[in-house]
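*Asks:*
Protein chains: 2
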Amino acid sequence: MERSIQDIARLSGTTSRTLRHYGDIGLLEPSRIGANGYRYYDDDALARLQRILLLRDLGLGLPAIADALAGTREHADALAHHLRWLRQEKDRLDRQIDSVEATIRRMKGGEQLMAEEMFDGFDHAQYKDEVERRWGEEAYASGDRWWRSLTAEEKARFQLDQKAVQDDYAAALASGASVESDEVLAIARRHYDWLVVGWRGRRPTAEQFVGMGDMYIADERFGANYGGLEGATYVRDAMKAFAARNL
Amino acid sequence: MERSIQDIARLSGTTSRTLRHYGDIGLLEPSRIGANGYRYYDDDALARLQRILLLRDLGLGLPAIADALAGTREHADALAHHLRWLRQEKDRLDRQIDSVEATIRRMKGGEQLMAEEMFDGFDHAQYKDEVERRWGEEAYASGDRWWRSLTAEEKARFQLDQKAVQDDYAAALASGASVESDEVLAIARRHYDWLVVGWRGRRPTAEQFVGMGDMYIADERFGANYGGLEGATYVRDAMKAFAARNL
DNA sequence: GCTAGAGGTTGACGCCACGTCAATGTCAAG
DNA sequence: CTTGACATTGACGTGGCGTCAACCTCTAGC
């Protein structure tokens, strides 16, 4: 059976424009082209179109669909690959939703543009230079935007979390606990989780995490938060132990 | 203070190309343009840029950002509007992820293209004409693709759910329960939820839901599933009662 | 004063999957 | 022969810039 372009469009629930587009990019050629230039499609073409549209509904791009149908890549592989991308997008959206909600709360709280300098206990800007040197200016600018998008309450909670981690490290050091003990590893895990928040969901690699520990030792501004050189070394070793086991 | 375009780009974590783009579309003009054509930005421009980038990180489009900064729309309004869009996108992604996972399971189950005609108890194609007449050919084609993307197990579950609803309606009718009783309304709710699955997440309006009930009466093929004319009328009334209260 | 290299400019194409005119040719029915 | 439905190719628009290309300008060192 041979059908006109409109017939195929109606049967498949798409438009003639789309069919011509698929012809243009070589994704779906008409089975025959009349002397007048009209496109005609047979049942095989219709079947192929159905498969194309099914994959399209799943969110695959046209090149990916072409690959899958050409068999250069297994259907399941293409879908698995696509699934990873979908999950990433979903995570991104989740984080964006959280941020937007936080920003709205901030505005409703009426603290619009004020109260931005109220928190200097852990003043984000304090580490500007260090952050820029280590991770570039963009990293600082991006982190700074994040920090300023938080509500006062969220900023306070972030700082309190850090303080708790710090105090627990200090207590563990005083008690003589090994940096490889379960107790200290649990603290390091909270430390890591806290960092992930500050990185807005990105998870530092083992190397990056240990690198931050080294930084605590090298820079006294950081070390000051963790009880001087001895404390900073202890913390660095705990981070290293945690990274070795869990990252 | 006045800075060159590259300085501003580095300080804000973006690129000079982006800044020129924002100039082109009138979102952020340089505070001064030199005789040589060079763009220069002062602190006010930098502050505005920071706000632009913050909103951009939240996923707003540039026109929306322009509106918000111009004050034609309240910041919070713009964000609330944007939030609705984000949630829709997230829902869409969630459904797509489910579909892709289902399709992968189907392929791993090795039932690739077979086993598609194994289920005719509720043969999706059986209602082709009716669906096309009521909601257009595209609706059928789209529904058909959805149906064929399910695993055998999912198809079976879908049919079993429908059978359960059907049986419960029959039992309620036999027991003389009113269509407005809590018991029957609960069945109607399950009926509705079942339908939402078939519509892949779109939720029929009250009008559409009642319309389907009328269809059960008008068309004996549908009525046959619900115990003849008497049963179909009972079901239609239950659907109407549910729609009146809950949709 | 010359030159190299960094940094600036405008202009234009590319991306992705089509929607949407516009201008024009073709077919079936009355 | 007319009318109206349907077909064609061609080109622009979408969003937010990245990425050349071709060219001008500034700064520093010789």
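Protein chains in written order, with my numbering: chain A, 1 to 247; chain B, 1001 to 1247. Think of the CB as a built atom: it goes at the ideal place given N, C-alpha and C, for glycine as much as any other residue.
1) Can you check which of these residues, A:K240, A:L54 and A:I104, is closest to L189 of chain A by C-alpha distance?
2) At a Cβ threshold of 7 Å, is S16 of chain A touching chain B?
3) Using a cut-off of 8 Å between C-beta atoms, extract the partners of V100 of chain A located in chain B.
4) Given this structure, state the Cα-to-Cα distance separating R1003 of chain B from L1086 of chain B, to the nearest angstrom.
5) Pull up the distance between the alpha-carbon of D161 of chain A and that of M107 of chain A, whole angstroms please.
6) Using a Cβ cut-off of 8 Å, pull out every chain B residue sitting near I97 of chain A, in sequence order please.
7) Give a yes or no on whether 7 Å exceeds the smallest Cβ distance from L279 of chain A to chain B.
8) Leaving out the 5 sequence neighbours to the left and right, which residues in its chain are closer than 6 Å to D1237 of chain B when beta-carbon positions are compared?
9) Could you have a look at I1033 of chain B and say whether DSSP puts it in helix, strand or coil?
10) Using the Cα positions of R1048 of chain B and A78 of chain A, report the straight-line distance between them to the nearest angstrom.
11) Taking the beta strand (DSSP E) that R1203 of chain B belongs to, which residues open and close that run?
12) Is the separation between the beta-carbon of A1174 of chain B and that of V1184 of chain B shorter than 7 Å?
13) What number of angstroms, rounded off, separates the C-alpha of R1245 of chain B from the C-alpha of R92 of chain A?
14) Taking P1030 of chain B as the reference, give the member of B:K1090, B:V1197 and B:Y1040 with the closest Cα.
15) Using CA coordinates, which residue listed in A:Y22, A:I8, A:D94 and A:D24 is at the minimum distance from Y46 of chain A?
16) Quick test of your reading: Y192 of chain A and F209 of chain A, contact by CB under 8 Å. State the CB separation rounded to the nearest angstrom.
17) Taking the CB atoms as reference points, tell me whether I5 of chain A and S16 of chain A lie closer together than 7 Å.
18) Measure the Cβ-Cβ separation of A206 of chain A and A243 of chain A and say whether it is below 7 Å.
19) By how many angstroms is the C-alpha of L58 of chain A removed from the C-alpha of I1025 of chain B?
20) Since I believe A1170 of chain B is in contact with G1231 of chain B (beta carbons under 8 Å), could you give me their beta-carbon distance rounded to a whole number of angstroms?
21) Compute the beta-carbon to beta-carbon distance between I1104 of chain B and A76 of chain A, rounded to the nearest angstrom, for a pair I have assumed lies under 8 Å.
22) Compare the C-beta of S4 of chain A with all C-beta atoms of chain B and state if any pair is closer than 7 Å.
23) If we call anything under 7 Å between Cβ atoms a contact, is G1013 of chain B one with S149 of chain A?
24) For L185 of chain A, return the contacting residues in chain B, with the cut-off set at a CB-CB distance below 9 Å.
25) Taking the alpha-carbon positions, what's the G80 of chain A to L69 of chain A distance?
26) If you count every other CB in all the chains shown that lies within 10 Å of the CB of K1155 of chain B, and 16 or more means buried, which is it?
27) Does any residue of chain B have a CB that is nearer than 7 Å to the CB of M107 of chain A?
28) How many Å lie between G1198 of chain B and L55 of chain A at the Cα?
29) How should R203 of chain A be labelled, buried or exposed, when 16 other C-beta atoms within 10 angstroms of its C-beta is the threshold for buried?
30) Report the partner residues of S1004 of chain B according to the DSSP bridge assignment.
31) Label L1028 of chain B either buried or exposed according to how many other C-beta atoms from any shown protein chain fall within 10 Å of its C-beta, with 16 as the threshold for buried.
32) Along the chain, where does the alpha helix (DSSP H) that runs through S16 of chain A open and close?
33) Excluding sequence positions up to five away, which residues of its chain have a Cβ less than 6 Å from the Cβ of D1044 of chain B?
34) May I ask you to report which of helix, strand or coil DSSP gives S175 of chain A?
35) The segment 1031 to 1060 of chain B: which residues have C-beta closer than 8 Å to a C-beta of chain A, in chain order?
*Replies:* To lay it out plainly:
1) Position 189 of the first sequence, counting from 1, holds the residue named residue 189 of chain A. Strictly speaking, residue 189 of chain A in this sequence is Arg, with Leu absent from that position. The shortest C-alpha separation from R189 of chain A is found at A:K240.
2) For the purposes of this step, residue 16 of chain A is identified with residue 16 of the first sequence, where counting begins at 1. No - not a single Cβ of chain B is within 7 Å of the one on S16 of chain A.
3) The count along the first sequence starts at 1 and reaches residue 100 of chain A at position 100. What V100 of chain A touches in chain B: L1058, G1059, L1079, H1082, L1083 and L1086.
4) Locating residue 1003 of chain B in the second sequence gives position 3, counting from the first residue. Locating residue 1086 of chain B in the second sequence gives position 86, counting from the first residue. Roughly 36 Å separates the two Cα atoms.
5) Taking the first residue of the first sequence as position 1, residue 161 of chain A is located at position 161. Taking the first residue of the first sequence as position 1, residue 107 of chain A is located at position 107. Roughly 24 Å separates the two Cα atoms.
6) Here the question's residue 97 of chain A lines up with position 97 in the first sequence. Going along chain B in sequence order, the residues near I97 of chain A (Cβ under 8 Å) are L1083, L1086, R1087 and K1090.
7) Past the edges of chain A, shown from 1 to 247, lies residue 279 of chain A, and the structure says nothing about it.
8) Along the second sequence, one-based indexing puts residue 1237 of chain B at 237. Counting only Cβ-Cβ distances below 6 Å, and skipping sequence neighbours, we find V1179.
9) Along the second sequence, read from residue 1 onward, the residue named residue 1033 of chain B stands at position 33. Of the three classes helix, strand and coil, the one that applies to I1033 of chain B here is strand, per DSSP.
10) The sequence position of residue 1048 of chain B within the second sequence is 48, counting from 1. The sequence position of residue 78 of chain A within the first sequence is 78, counting from 1. Their Cα atoms are separated by approximately 43 Å.
11) As a first step, residue 1203 of chain B is located in the second sequence; it is residue number 203 there, counting from the start. It is not in any beta strand (DSSP E) - R1203 of chain B carries neither H nor E in the DSSP assignment.
12) Mapped onto the second sequence, residue 1174 of chain B falls at position 174. Mapped onto the second sequence, residue 1184 of chain B falls at position 184. No.
13) The residue labelled residue 1245 of chain B in the question sits at position 245 within the second sequence. The residue labelled residue 92 of chain A in the question sits at position 92 within the first sequence. The alpha-carbon atoms of R1245 of chain B and R92 of chain A are separated by roughly 37 Å.
14) Stepping through the second sequence from its first residue, residue 1030 of chain B is reached at position 30. The shortest C-alpha separation from P1030 of chain B is found at B:Y1040.
15) Against the first sequence, residue 46 of chain A aligns to sequence position 46. It should be pointed out that residue 46 of chain A corresponds to Leu in this sequence rather than to Tyr. When only C-alpha atoms are compared, the closest one is A:I8.
16) On the first sequence, residue 192 of chain A is found 192 positions in, with the first residue counted as 1. On the first sequence, residue 209 of chain A is found 209 positions in, with the first residue counted as 1. About 6 Å separates the two Cβ atoms, so the contact holds.
17) The residue you call residue 5 of chain A lines up with position 5 of the first sequence. The residue you call residue 16 of chain A lines up with position 16 of the first sequence. Result yes, Cβ atoms of I5 of chain A and S16 of chain A sit closer than 7 Å.
18) The sequence position of residue 206 of chain A within the first sequence is 206, counting from 1. The sequence position of residue 243 of chain A within the first sequence is 243, counting from 1. It is a contact, given that the beta carbons lie within the stated cut-off.
19) Translated into the one-based positions of the second sequence, residue 1025 of chain B becomes position 25. Translated into the one-based positions of the first sequence, residue 58 of chain A becomes position 58. When rounded, the distance between both Cα atoms is 35 Å.
20) Your numbering for residue 1231 of chain B matches position 231 in the second sequence. Your numbering for residue 1170 of chain B matches position 170 in the second sequence. Rounded, the Cβ-Cβ distance is 7 Å, consistent with contact.
21) Translated into the one-based positions of the second sequence, residue 1104 of chain B becomes position 104. Translated into the one-based positions of the first sequence, residue 76 of chain A becomes position 76. That belief holds up - the Cβ atoms of I1104 of chain B and A76 of chain A are roughly 6 Å apart, short of 8 Å.
22) For the purposes of this step, residue 4 of chain A is taken as residue 4 along the first sequence, with counting starting at 1. So, not an interface residue.
23) The residue you call residue 1013 of chain B lines up with position 13 of the second sequence. The residue you call residue 149 of chain A lines up with position 149 of the first sequence. Cβ distance not < 7 Å, so G1013 of chain B and S149 of chain A don't count as in contact.
24) For the purposes of this step, residue 185 of chain A is taken as the residue at position 185 of the first sequence. None at all; the shortest Cβ gap to chain B is about 34 Å.
25) The sequence position of residue 80 of chain A within the first sequence is 80, counting from 1. The sequence position of residue 69 of chain A within the first sequence is 69, counting from 1. One detail in the question is off: residue 80 of chain A reads as Ala in this sequence, not Gly. Rounded to the nearest angstrom, the two C-alpha atoms are 15 Å apart.
26) Counted from its first residue, the second sequence places residue 1155 of chain B at position 155. Classification of K1155 of chain B: buried, given that the 10 Å Cβ count is 16 or more.
27) Position 107 of the first sequence holds residue 107 of chain A. True, the Cβ-Cβ gap to chain B drops below 7 Å.
28) Your numbering for residue 1198 of chain B matches position 198 in the second sequence. Your numbering for residue 55 of chain A matches position 55 in the first sequence. Spanning the two alpha carbons is a distance of roughly 19 Å.
29) Start at 1 with the first residue of the first sequence, and residue 203 of chain A comes out as number 203. Classification for R203 of chain A: exposed.
30) In the second sequence, counting from the first residue as 1, residue 1004 of chain B sits at position 4. According to DSSP, S1004 of chain B bridges with B:Y1040.
31) In the second sequence, counting from the first residue as 1, residue 1028 of chain B sits at position 28. Looking at its Cβ environment, which holds 16 or more other Cβ atoms inside 10 Å, L1028 of chain B is buried.
32) Sequence index remark: in the first sequence, residue 16 of chain A carries index 16 (1-based). Residues S16 to D24.
33) By 1-based counting over the second sequence, the position of residue 1044 of chain B is 44. So no residue of the chain qualifies.
34) As a working note, residue 175 of chain A is residue 175 in the first sequence. Three-state DSSP puts S175 of chain A in a helix.
35) Q1050, L1053, L1054, D1057, L1058 and G1059
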